[in-house]
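Enquirer:
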């Protein structure tokens, strides 16, 4: 069963009736498929959910070794209270277009890392070689676009995950025998490659909208080559995997995902595929990883960790919903979709509106609210308009 366009519009209009409300994302299209997936016989350890305010969030660099040399990778570490040893969760990003690689902002994945940290994990969000402020050059290209090039790109990105896991597992406060690797888009493809050649201690991988394609357009360069790479990974992957996709993902639509998961599982790889419906804040389901999609991905990660016997919280704390507000006064109705998109994004963020209500700009994943405010105002006024800030970090500004 699929949402019609009219149904989706009605649902979104209903969400905006009140001044503020908690989002309860429709999930009528949710589906689960399991291949070679075996539920653990022994439950994993659980703890009460940790408050987000008790987490220690530290940005910086992580020195890692690749055998032939070392690199400093940009990273944000999220640590729960206490002294450990803590299980480990490592999280990485997709593949932005070439000109945007240096502008990558890790804060966009901080909500995923915090979710793991609230379960008792030390979580690390990191930028792979050549992305963000990490040293080295990007070697995850897809030219020529063959199964070999896709598989090589995935394995190269997986090397960064393995290096981060090795560096973190050497620390006394880390339990290196219980590691989860998670990734978004190209990062999801990388953790799938990692599962085919797992480092010590890897017990599960989570792929959010995982795959590789063209960052310049909503298409894949070579569908068969990507499917072939998944088939190659699946011949040796025996670490349980969770694949999460929205039905409205424009890069990896349902029929395409069906082919990928079938190819991956054919060689014996254990995988659980969870598909969810449309997103309330974005027409493209590839944005599932954002906080606006947290109500969809959080319970499925919880169920996966429970199924594989990995560390988890005793119960969902129930605060996954993003609070949304009515569009600010004066914002043209043609820009209401921009407002929803802003609300579904990661902090720190700000929304600016011009006097005519048509010109508006929003930014997200900045290091501080002040930086977000300045960036949104500067972008909005770049064409000479007079603009005002109407919201910072999702809260209305008087």
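In my numbering, the protein residues as written are 14 to 411.
Here a beta-carbon is modelled for each residue, glycine too, at the ideal position from N, C-alpha and C.
#1: Among 207, 58, 347, which residue has its Cα nearest to the Cα of residue 103?
#2: Could you please give me the residues that DSSP links to residue 136 through a beta bridge?
#3: Provide the residue span of the alpha helix (DSSP H) that contains residue 291, from first to last.
#4: Under 8 Å between the Cβ atoms of residue 302 and residue 256?
#5: In its own chain, which residues sit with a C-beta less than 6 Å from the C-beta of residue 183, not counting the 5 before and 5 after it?
#6: Keeping to the same chain, check which residues put their C-beta closer than 6 Å to that of residue 281; ignore five residues upstream and five downstream.
#7: Could you pull out every residue in the same chain whose Cβ sits closer than 8 Å to the Cβ of residue 318, ignoring the five residues on either side in sequence?
#8: Can you say whether residue 245 is buried or exposed, counting buried as having 16 or more other CB atoms within 10 angstroms of its CB?
#9: Do you know how far the Cα of residue 177 is from the Cα of residue 134?
#10: Residue 72 lies in the beta strand (DSSP E); which residues open and close that run?
#11: Helix, strand or coil: how does DSSP classify residue 349 here?
#12: Just verifying my parser: in three-state terms, what is the DSSP assignment at residue 300?
#13: Check this for me: beta carbons of residue 75 and residue 180, under 8 Å apart or not?
#14: When the Cα of residue 120 is compared with those of 305, 138, 114, which residue comes out closest?
#15: Going by the CB atoms, is the gap between residue 197 and residue 106 shorter than 8 Å?
#16: Answer with yes or no whether the minimum CB distance from residue 257 to chain C is below 8 Å.
#17: By a C-beta neighbour count over all protein chains shown, 10 Å radius and 16 as the cutoff for buried, is residue 250 buried or exposed?
#18: Can you tell me whether residue 127 is buried or exposed? The criterion is at least 16 other CB atoms within 10 Å of its CB, across all chains shown.
#19: Cα separation between residue 71 and residue 238?
#20: Between which two residues does the alpha helix (DSSP H) containing residue 162 stretch?
#21: Since residue 253 and residue 260 should fall inside the 8 Å C-beta cutoff, what is the C-beta to C-beta distance between them, to a whole number of angstroms?
#22: With a cut-off of 8 Å, do at least 3 Cβ pairs link the stretch 353-372 to the stretch 293-308?
#23: Quick check on residue 191: does DSSP put it in helix, strand or coil?
#24: Assign residue 172 to buried or exposed, taking buried as 16 or more other Cβ atoms, counted over all protein chains shown, within 10 Å of its Cβ.
#25: Any contact of the stretch 364-376 with the stretch 344-353, i.e. 3+ C-beta pairs under 8 Å?
#26: Using 8 Å for Cβ pairs, my map puts residue 214 next to residue 262. What's the rounded Cβ distance?
#27: Can you tell me whether residue 290 is buried or exposed? The criterion is at least 16 other CB atoms within 10 Å of its CB, across all chains shown.
#28: I need the DSSP call for residue 260, collapsed to helix, strand or coil.
#29: With residue 63 as the anchor, note down where its alpha helix (DSSP H) starts and where it stops.
#30: What is the residue span of the alpha helix (DSSP H) that residue 387 lies within?
#31: Threshold first: 3 residues or longer. Then list the beta strand (DSSP E) segments lying entirely within the stretch 300-376, N to C.
#32: Rounding to the nearest angstrom, what Cα-Cα distance links residue 60 and residue 312 in this structure?
#33: Helix, strand or coil: how does DSSP classify residue 295 here?
#34: Can you tell me where the alpha helix (DSSP H) with residue 119 in it begins and where it stops?
#35: Measure the C-alpha to C-alpha separation of residue 34 and residue 54 and round it to an integer number of angstroms.
Expert: Taking the coordinates as given:
#1: 207
#2: 91, 102
#3: Segment: none, residue 291 is in no alpha helix (DSSP H) and carries neither H nor E.
#4: No; because the gap between Cβ atoms is not below 8 Å, this pair is not in contact.
#5: none
#6: 49
#7: 57, 132, 193, 217, 324, 325
#8: buried
#9: 15 Å
#10: 69-78
#11: helix
#12: helix
#13: yes
#14: 138
#15: Yes, Cβ-Cβ distance for residue 106 and residue 197 is below 8 Å.
#16: Included in the structure is just one protein chain, with no chain C present.
#17: Counting other Cβ atoms within 10 Å of its Cβ, residue 250 reaches 16 or more and is therefore classed as buried.
#18: Buried is the call here.
#19: 39 Å
#20: Taken as a continuous stretch (DSSP letters only), the alpha helix (DSSP H) holding residue 162 covers 160-182.
#21: About 23 Å; that fails the 8 Å criterion.
#22: yes
#23: strand
#24: Under this definition residue 172 is a buried residue.
#25: Touching, yes.
#26: That belief does not hold up - the Cβ atoms of residue 214 and residue 262 are roughly 31 Å apart, past 8 Å.
#27: buried
#28: coil
#29: That residue, residue 63, is in no alpha helix (DSSP H); it is neither H nor E in DSSP.
#30: In this chain, the alpha helix (DSSP H) harbouring residue 387 covers 382-393.
#31: Uninterrupted beta strand (DSSP E) stretches at least 3 residues long and entirely within the stretch 300-376 occur at 336-338, 363-367, 373-376, given in chain order.
#32: 16 Å
#33: Residue 295 falls in the coil class under three-state DSSP.
#34: Segment: none, residue 119 is in no alpha helix (DSSP H) and carries neither H nor E.
#35: Residue placement at residue 34 is flagged as unreliable, the pLDDT there being 38, under the threshold of 50; the coordinate-derived value follows with that caveat. Approximately 40 Å, taken between the alpha carbons.
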